[in-house]
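In what follows, a structure is listed as structure tokens, so that the remarks can point back to it.
In this note's numbering, the protein residues as written are 3 to 339.
Here it is, written out as structure tokens:
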């Protein structure tokens, strides 16, 4: 059991799952079944961006940090996000109707309400994965793929993406591929492999110099533009702000979450690069947020204790319609000795 939901001092619900922590390239903590294959979903977005960066497309297109960050994002669809995606599309003469992701209402409440008031319908650019799809389109164009088939797992650009994801995860041979919610390929891997990939992202010393530079570019962009990675009130944005340029945090649908932290000698027991991956079996976002903060606390990631900005994620308040506090969502996992 990873986390519980309490009401009036009694446990009302619970969240089971698994936690994998990779330290300095090795699996260091395993809670639950970290060898069970899971769909990594959007947690692989930074690795899916690697072929784009390694081919120097960000330099060729003069891509600013905001557009680099939104390429790796599951964003809120707010104006700042859609503006970045549209600018990113325009750099290659691409159009919004070429995006293979379907439209959905923006996650950002204000933007969603504004669309309703104005009588507009959400567009493909509002899809939380539109930045990733824009990167895919640019990569497909650079490789001569048919842009109408840029999501085909067999096309050259998606083959390069799949190879990059597998290499970062330390998986020999091709990964099993499924269909993600946005229409892109999504990858199946053991949770420990996802933790390993994030550890590599934080300190890719064993990778080529080109890949090392690409990984640092991703960390730098997220650190400079954390709101573009998710949204102003989102968990990913809050985490990355704690270690700008030295961390990456990414959610995946159905209860997947992963964090990369660069080496830090101040973490006396855990000074090397850290990769953390969590899977909540019932797929609930509320189940992993307190767990991730508690894992980071156990690893000594917070020099002065858990920051106030993360306190509400570590112990999520449960309130009633009168706004009275009636319980909380908090972690209960047992940390190995």
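C-beta atoms are modelled at their ideal positions from N, C-alpha and C, and glycine is treated no differently.
Extent of the continuous beta strand (DSSP E) to which residue i belongs
i, result
"residue 259", "258-263"
"residue 281", "276-282"
"residue 242", "Segment 237-244 is the alpha helix (DSSP H) holding residue 242; no beta strand (DSSP E) there."
Per DSSP, the bridge partner or partners of residue i
i, result
"residue 40", "191"
"residue 253", "259"
"residue 270", "Residue 270 is not bridged to any residue."
"residue 16", "6"
"residue 22", "32 and 279"
Residue j beta carbon less than 8 Å from that of residue i
i, j, result
"residue 73", "residue 113", "no"
"residue 310", "residue 31", "no"
"residue 1", "residue 166", "Nothing can be reported for residue 1, as the shown portion of the chain is limited to 3 through 339."
"residue 341", "residue 41", "Residue 341 lies beyond the range of the chain shown here (3 to 339); nothing can be said about it."
"residue 24", "residue 217", "no"
"residue 85", "residue 223", "no"
"residue 81", "residue 274", "no"
"residue 289", "residue 9", "no"
"residue 89", "residue 61", "no"
"residue 179", "residue 155", "yes"
"residue 17", "residue 286", "yes"
"residue 149", "residue 100", "yes"
"residue 177", "residue 59", "no"
"residue 6", "residue 334", "yes"
"residue 153", "residue 208", "no"
"residue 215", "residue 263", "no"
"residue 230", "residue 248", "no"
"residue 15", "residue 252", "no"
"residue 203", "residue 250", "yes"
For residue i, the first and last residue of its enclosing alpha helix (DSSP H)
i, result
"residue 226", "211-226"
"residue 234", "First-last for residue 234: undefined, no H or E at that position."
"residue 11", "That residue, residue 11, is in no alpha helix (DSSP H); it is neither H nor E in DSSP."
"residue 288", "287-300"
Q: Indicate whether the contact test is met: 3 or more Cβ pairs, each with one atom in the region 252-263 and one in the region 91-98, closer than 8 Å.
A: no
Q. Could you give the uninterrupted runs of the alpha helix (DSSP H) lying entirely in the region 305-339, keeping only those of 4 residues or more?
A. Correct list: 310-316.
(Q) In chain order, what are the residue ranges of uninterrupted alpha helix (DSSP H) at least 4 long that sit wholly in the region 144-199? (A) 158-171
Q) If you pair each beta-carbon of the region 127-143 with each one of the region 62-78, do three or more pairs fall below 8 Å? A) yes
Q: Counting only runs of 3+ residues fully inside the region 38-114, write out the beta strand (DSSP E) ranges in chain order.
A: 39-41
Q: State whether the region 272-283 contacts the region 9-21, with contact taken as three or more CB pairs (one from each stretch) at a distance under 8 Å.
A: yes
Q.
Across the region 43-51 and the region 183-198, are there enough close Cβ pairs to call them in contact, namely three or more that are closer than 8 Å?
A. Taking a contact to require three or more Cβ pairs closer than 8 Å, the region 43-51 and the region 183-198 qualify as touching.
Q: Please confirm if the region 108-125 is in contact with the region 268-277, defined as three or more CB-CB distances below 8 Å between the two stretches.
A: As far as the Cβ criterion goes, the region 108-125 does not touch the region 268-277, which means the pair count is below three.
Q.
Tell me whether the region 311-331 and the region 294-302 touch, counting them as touching only if at least three CB pairs, one residue from each stretch, are closer than 8 Å.
A. yes
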